[in-house]
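Protein chains in written order, with the working numbering: chain R, 1212 to 1552; chain L, 104 to 551. A virtual CB, placed ideally from N, CA and C, is assigned to each residue, including glycine. Keep in mind it's a predicted model, so treat the numbers as computed, not measured. First the structure, in the form of structure tokens, and then the observations on it.
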Amino acid sequence: MTLEILGISVLWTFLFGYILIGAIDFGAGFFNAYSTLTGRQHILTNIIQRYLSPVWEVTNVFLVFFFVGIIGFFPKTAFYYGTTLLIPVSIGIILLAIRGSYYAFETYGARGHKGYSFMYGLAGILIPASLSIVLTISEGGFIDLVNGNPVLDYWKLFTSPLTWAIVVLSIAATLYISAVFLTWYANKARDTEATNMIRKYALIWALPTIITAGGIIVELRNHNPEHYSNIQNFWPMFLISFLMFIGTLWLIWKRRNYGLAFLLLVGQFAFAFFGYGASHYPYLLYPYLTIYDSFTNPAMAISLIVVFIMGLGLLIPSLYLLMRLFLFDKDYVRGKGDYHA
Amino acid sequence: MGNEEAVFFSRVLTETTLSFHIIYATIGVGVPLMIMIAQWVGIKKNDDHYILLARRWARGFIITVAVGVVTGTAIGLQLSLLWPNFMELAGNVIALPLFMETFAFFFEAIFLGIYLYTWDRFENQKKHFLLLIPVAIGASFSAVFITIVNAFMNAPRGFDIVNGEFVNVNPLLAMFNPAMPTKVAHVVATSYMTAAFVLAAIAAFRLLKGSNHEYHKKALYLTMKVGLVFAIASAIIGDFSGKYLAEYQPEKLAAAEWHLETSENAPLIMYGVLKDGEVKYAIKIPYALSFLAHGSFTQEVAGLDQFPEDEVPPLYIHYLFDIMVSIGIWMTLLSGVFWLGVQRGWKMVSTKWFRWLIVLGGPLSIVAIEAGWWLAEVGRQPWILRGIMRTQDAATTSGHVDSMLILFCLLYLVLGVGSVVVLRRMFRNNPVEREIEDRDTEKGGDVL
Chain R
1212 MTLEILGISV LWTFLFGYIL IGAIDFGAGF FNAYSTLTGR QHILTNIIQR
1262 YLSPVWEVTN VFLVFFFVGI IGFFPKTAFY YGTTLLIPVS IGIILLAIRG
1312 SYYAFETYGA RGHKGYSFMY GLAGILIPAS LSIVLTISEG GFIDLVNGNP
1362 VLDYWKLFTS PLTWAIVVLS IAATLYISAV FLTWYANKAR DTEATNMIRK
1412 YALIWALPTI ITAGGIIVEL RNHNPEHYSN IQNFWPMFLI SFLMFIGTLW
1462 LIWKRRNYGL AFLLLVGQFA FAFFGYGASH YPYLLYPYLT IYDSFTNPAM
1512 AISLIVVFIM GLGLLIPSLY LLMRLFLFDK DYVRGKGDYH A
Chain L
104 MGNEEAVFFS RVLTETTLSF HIIYATIGVG VPLMIMIAQW VGIKKNDDHY
154 ILLARRWARG FIITVAVGVV TGTAIGLQLS LLWPNFMELA GNVIALPLFM
204 ETFAFFFEAI FLGIYLYTWD RFENQKKHFL LLIPVAIGAS FSAVFITIVN
254 AFMNAPRGFD IVNGEFVNVN PLLAMFNPAM PTKVAHVVAT SYMTAAFVLA
304 AIAAFRLLKG SNHEYHKKAL YLTMKVGLVF AIASAIIGDF SGKYLAEYQP
354 EKLAAAEWHL ETSENAPLIM YGVLKDGEVK YAIKIPYALS FLAHGSFTQE
404 VAGLDQFPED EVPPLYIHYL FDIMVSIGIW MTLLSGVFWL GVQRGWKMVS
454 TKWFRWLIVL GGPLSIVAIE AGWWLAEVGR QPWILRGIMR TQDAATTSGH
504 VDSMLILFCL LYLVLGVGSV VVLRRMFRNN PVEREIEDRD TEKGGDVL
């Protein structure tokens, strides 16, 4: 394995981590806001707050890790993506800022404040949409070089069906992932009413997720034939992903083993995400940037990897402690005892 | 939009983001240490007031941390969005501490989550206290790593340039650059100092507004004492910073001190105005600049006449220096007098006007932090990477920076107002006197 592949694999894994826990987080915020709006927050709020509260800041770090890491390993991305992404990423930052701070304001400062809940719920669901634009742009065709400087063609971007398919997928998948996780979590908390409600959301959002995911692959055939034909080479991964999707859906439908359902969901997205990533190889940005011509110098690469391994040594035990105390601690999940500062 | 405009707006946007972020970042670095000290004193003295102090500070801290985190994410991304050429170049050499910072941040975030949700969960309070240590370490090390990147921008090394490309890169050498020791120490010490004085201001304010509770007096004494220690530390480190500048960035020192002509026995100029190339109405402290620069009262200090005009930072940074240093000295004196006064039983330190001075010290410390960072950043101009890349060559070529500037200004307004409103509401709805009563009844209930 070359350093380039090692670097991108680490980053891609962390991006996957962000997408997964970010989706749970953003979806939960949205469901919370939605139930507030429909006057049913008494059913959901407890469950959602109990899960989100201790972990919200950790979610954000996964994103920071990804973008700092990609500049570290592939500094040329700063030039191409930095120049072109000013507007979409700025909007993403603003949404992230509203979401993160107003979540804290509501949770710690003004519990139950409807305006705040609504604000962070709405901001949260738009984050995946705004950040997913980066994936769309990476497919190529939206950036032209003018006098050696990359320029984003907004008209082309916003009239492309690919863009909108990815936007819809990001929102649907966020709600779907979140709903499946919360079904399991609510069930673990023995909260039947909440479980039933969220289970329904999971079933509702399953279909749009799989339809848009399939649609994107079809859309790529027109947009980026090279990538499309690469995807064909990885068909077993996408097949496994699809089978896992069916598995999750079946378990949820039959109200059985929600834990396994969630694991299958993680598997479904992992296979699809890594299949997509592998077929994107070696391009970071079609057709300008590959992982090879944008890679940093070997000295930096090796030091980053060393730091990464040392960092994991710190991180894994800490994450384990966090999960043990809050995710797998029955008393905490069931809301016995309030230990908040 | 021409490139000049893009450069201008990129600078304004970066300045705005940093100026806003640094308030929350400074509090975020300093307050965990203060919580730690209070909780430790509480456990040692078995004094519930200190424990409650730690707990209430922790509650307020979450709000500031949230804004600190999201604005930190903003500046992290803006570095690439607004200065893509710089990040492309610098990423090759100085990505390591940035990467390390994400781990420090991770570490802090995880343990902060745990710490906040495990009050009274453990029988042994020391266990809960232990969870705070990684939070404080993570917070301080975030500052250390980020400041290392900033130090590198001032004194880049750890590479050779061949045909415009960086070769022979040594990431560790780049991290441990000459600017790093003084800069890191100064940032960390002043963060502790500022956090202490901000918390002291709150305690003094409560005492002024009619509550004479023992709790606030303990808080005030503790914070002023810690503030004094770090104010003295900051002054000593400041002296070393002067010596660093004299050796590695003499033009920055000369501009900040309005040292126009190279001379021996150089005096330190405070305040004043610059008219037709002459300093007027200034206070001159004889020999002080020579001492600041070289540790000897007579040695020669390079003046602005030594440097090409297009490599000298704007001269208004002199005032930033004045503001920073004056506030630093003032706060050292104020906290020193307060500490002595409490020791000796002087009536003066518990008078109204003295407490108002302490209240004023909170915002003043923040002003000093702002002035210090402006001095550091504007003082490096025209360079973004001193001697290697000019700021004007680093900026984005995108034409939409001005509209983004407006959006971000609105965002910071919303966040700033929001955080103040929430913090006020939080502590107003749950005053400490009531909380102490509640806790006492709870304990009484246990006994019965």
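Practice task
State whether the region 349 to 357 of chain L contacts the region 374 to 391 of chain L, with contact taken as three or more CB pairs (one from each stretch) at a distance under 8 Å.
Solution key: The region 349 to 357 of chain L makes no contact with the region 374 to 391 of chain L, as fewer than three CB pairs between them are under 8 Å.
Exercise for the section: Find the residues of chain R that neighbour T205 of chain L, judging by a C-beta separation of less than 7 Å, and give them in chain order. Expected result: Residues of chain R passing the Cβ test: V1272, V1275, F1276, V1279.
Exercise for the section: Note down, one range per segment and in chain order, each alpha helix (DSSP H) of at least 4 residues found wholly within the region 176 to 208 of chain L. Expected result: The region 176 to 208 of chain L contains no whole alpha helix (DSSP H) run of 4 or more residues.
Practice task
Indicate whether the contact test is met: 3 or more Cβ pairs, each with one atom in the region 184 to 195 of chain L and one in the region 162 to 171 of chain L, closer than 8 Å.
Solution key: The region 184 to 195 of chain L, when compared against the region 162 to 171 of chain L, does not touch it at the 8 Å Cβ threshold.
Handout entry: Endpoints, alpha helix (DSSP H) assigned at F1316 of chain R
Key = Annotation: F1316 of chain R is outside any alpha helix (DSSP H) and is labelled neither H nor E by DSSP.
Problem - Reduced DSSP secondary structure (H/G/I, E/B, other) of R309 of chain L - result: Reduced to three states, the DSSP call for R309 of chain L is helix.
Handout entry: is_contact[R528 of chain L, chain R] using C-beta, thresh 8 Å
Key = For R528 of chain L, the nearest beta carbon of chain R is closer than 8 Å to its own beta carbon.
Problem - Chain-ordered residues of the region 321 to 341 of chain L with a beta carbon less than 8 Å from chain R - result: Answer in chain order: no residues at all.
Exercise for the section: Check whether the Cβ atoms of P1372 of chain R and I1344 of chain R lie closer than 8 Å to each other. Expected result: For the 8 Å CB-CB criterion, P1372 of chain R and I1344 of chain R do not form a contact.
Practice task
Report buried or exposed for E1369 of chain R, applying the criterion of at least 16 other Cβ atoms within 10 angstroms of its Cβ.
Solution key: A small correction: the amino acid at residue 1369 of chain R is Phe; Glu does not occupy that position in the sequence shown. That one is exposed.
Handout entry: Burial state of V520 of chain L (16 or more Cβ within 10 Å)
Key = It is exposed - the Cβ of V520 of chain L has fewer than 16 other Cβ atoms within 10 Å.
Exercise for the section: Return yes when at least one heavy atom of the ligand PLP lies under 7 Å from the C-beta of A1334 of chain R, else no. Expected result: With respect to the ligand PLP, the structure offers nothing, as it holds no ligand at all.
Handout entry: Closest Cα partner of E403 of chain L within the set L:E412, L:F410, L:L302, L:Y390
Key = Among L:E412, L:F410, L:L302, L:Y390, the Cα nearest to that of E403 of chain L is on L:Y390.
Problem - Reduced DSSP secondary structure (H/G/I, E/B, other) of E268 of chain L - result: Strand at E268 of chain L.
Exercise for the section: Examine the Cβ distances between the region 237 to 256 of chain L and the region 269 to 284 of chain L and report whether three or more of them are shorter than 8 Å. Expected result: The region 237 to 256 of chain L vs the region 269 to 284 of chain L: in contact.
Practice task
May I have the straight-line CA-CA distance separating V170 of chain L from T129 of chain L, to the nearest angstrom?
Solution key: CA-to-CA, the gap between V170 of chain L and T129 of chain L works out to about 12 Å.
Practice task
Determine, using beta carbons only, whether G179 of chain L comes closer than 8 Å to chain R.
Solution key: At a cut-off of 8 Å between C-beta atoms, G179 of chain L counts as an interface residue with respect to chain R.
Practice task
Could you tell me which residues DSSP puts in a beta bridge with D263 of chain L?
Solution key: Secondary-structure assignment with DSSP links D263 of chain L through a beta bridge to L:V270.
Problem - Pair within 8 Å by beta-carbon distance, L136 of chain L and A239 of chain L - result: Note that the C-beta distance between L136 of chain L and A239 of chain L is below 8 Å.
Exercise for the section: Apply the 10 Å Cβ neighbour rule to D549 of chain L and answer buried if 16 or more other Cβ atoms are within range, or exposed otherwise. Expected result: Confidence in D549 of chain L is poor, its pLDDT being 46 and thus under 50, which makes the residue's placement unreliable; the coordinate value appears in the next sentence. Flag for D549 of chain L reads exposed.
Practice task
Using a Cβ cut-off of 8 Å (strictly closer), state whether T1256 of chain R contacts chain B.
Solution key: Note that chain B does not occur in the displayed structure, where the protein chains are R and L.
Practice task
Just the chain L side, please: which residues come within less than 8 Å of A1234 of chain R by C-beta, in chain order?
Solution key: Against chain L, the beta carbon of A1234 of chain R has no neighbour under 8 Å; the closest one sits roughly 18 Å away.
Problem - Limits of the beta strand (DSSP E) - the one that I388 of chain L falls within - result: DSSP places I388 of chain L inside the beta strand (DSSP E), whose first and last residues are 386 to 388.
Problem - Within 8 Å of chain R by C-beta, residues of the region 123 to 154 of chain L in sequence order - result: Within the region 123 to 154 of chain L, no residue has a Cβ that lies closer than 8 Å to any Cβ of chain R.
Problem - Closest Cα partner of K320 of chain L within the set L:R531, L:V445, L:I426 - result: Nearest option by C-alpha distance: L:V445.
Handout entry: Host beta strand (DSSP E) of V382 of chain L (start-end)
Key = DSSP places V382 of chain L inside the beta strand (DSSP E), whose first and last residues are 381 to 383.
Problem - Given 8 Å, three or more beta-carbon pairs between the region 291 to 300 of chain L and the region 322 to 334 of chain L - result: As far as the Cβ criterion goes, the region 291 to 300 of chain L touches the region 322 to 334 of chain L, which means the pair count is three or higher.
Handout entry: Residue range of the unbroken beta strand (DSSP E) whose run includes P1509 of chain R
Key = Where P1509 of chain R is concerned, there is no enclosing beta strand (DSSP E), although the alpha helix (DSSP H) it sits in stretches over 1509 to 1537.
Exercise for the section: Would you mind giving the Cβ-Cβ distance between A1405 of chain R and L1255 of chain R, rounded to the nearest angstrom? I have them listed as a contact below 8 Å. Expected result: Contact between A1405 of chain R and L1255 of chain R holds: their C-beta atoms lie close to 6 Å from each other, under 8 Å.
Handout entry: Through-space distance from M139 of chain L to W1416 of chain R, alpha-carbon basis
Key = When rounded, the distance between both Cα atoms is 46 Å.
Practice task
State the start and end residues of the unbroken alpha helix (DSSP H) segment that holds W477 of chain L.
Solution key: 455 to 481 is the span of the alpha helix (DSSP H), which, as asked, contains W477 of chain L.
Problem - Pair within 8 Å by beta-carbon distance, I1309 of chain R and F1237 of chain R - result: Cβ distance not < 8 Å, so I1309 of chain R and F1237 of chain R don't count as in contact.
Practice task
Identify which residue in L:R114, L:N188, L:G145 has its Cα closest to the Cα of M492 of chain L.
Solution key: Residue L:N188 is the option with its Cα nearest to M492 of chain L.
Problem - Residues within the region 180 to 193 of chain L neighbouring chain R, beta-carbon criterion of under 7 Å - result: Sequence-ordered contacts of the region 180 to 193 of chain L with chain R read L180, S183, L184, P187, N188, M190, E191 [C-beta pairs closer than 7 Å].
Problem - Candidates L:S501, L:N533, L:D543: closest to A109 of chain L by CA position - result: The residue with the shortest Cα to Cα distance from A109 of chain L is L:S501.
Exercise for the section: Within its chain, find whatever has a CB closer than 8 Å to the CB of W1223 of chain R; leave out the 5 residues flanking it on each side and keep chain order. Expected result: Hits under 8 Å: F1484, F1485, G1488.
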